[in-house]
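Inspection log for the structure reproduced underneath, given as structure tokens.
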Amino acid sequence: ESQPEVASDELVVAGPATVDDFTTIAGIGPVFDQRLKDAGIRTFADLAARTPAEIAEIIKWSPERVERSEIIAQARRLVQGDA
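If you use this note's numbering, the sequence shown corresponds to residues 52 to 134, in order.
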């Protein structure tokens, strides 16, 4: 009986880290979602911690457009649970 528990524990340890679905943010579709993940941004907290210039570089927008879209602000609200 202990073997299934060990195998189960191993699966949890080897499991993928949390990855959020950025397409729930207005203005982010599947392409931008993938670009962000390819850049190592995997969670709403990761996104919320970035500057407009950093996000603009990744998704190929101007920093001003990133600010207007409120992508970072939306990510912050999701982190806080205020979405």
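Ideal placement from N, C-alpha and C gives every residue a C-beta, glycine not left out. Bear in mind the structure is a predicted one, so any value in this text is a computation, not a measurement.
- For Asp-84, is the classification buried or exposed, using 16 other Cβ atoms within 10 angstroms of its Cβ as the cut-off for buried? Asp-84 should be labelled buried.
- Compare the Cα-Cα distances from Ala-104 to each of Ala-77, Ser-120, Gln-125 and Glu-115 and report the closest residue. It is Glu-115 whose Cα lies nearest to the Cα of Ala-104.
- Item | Alpha carbon of Ala-107 to alpha carbon of Ile-92, nearest angstrom | About 13 Å.
- Task: Would you kindly check if the distance between the Cβ of Ala-126 and the Cβ of Ala-99 is under 7 Å?
- Result: Cβ distance < 7 Å, so Ala-99 and Ala-126 count as in contact.
- Going along the chain, which residues of its own chain have a beta-carbon closer than 7 Å to the beta-carbon of Phe-95, five neighbours each way excluded? Around Phe-95: Asp-71, Ala-126, Leu-129 and Val-130.
- Task: Kindly indicate which three-state DSSP category Lys-111 falls into: helix, strand or coil?
- Result: Lys-111: coil per DSSP, three-state reduction.
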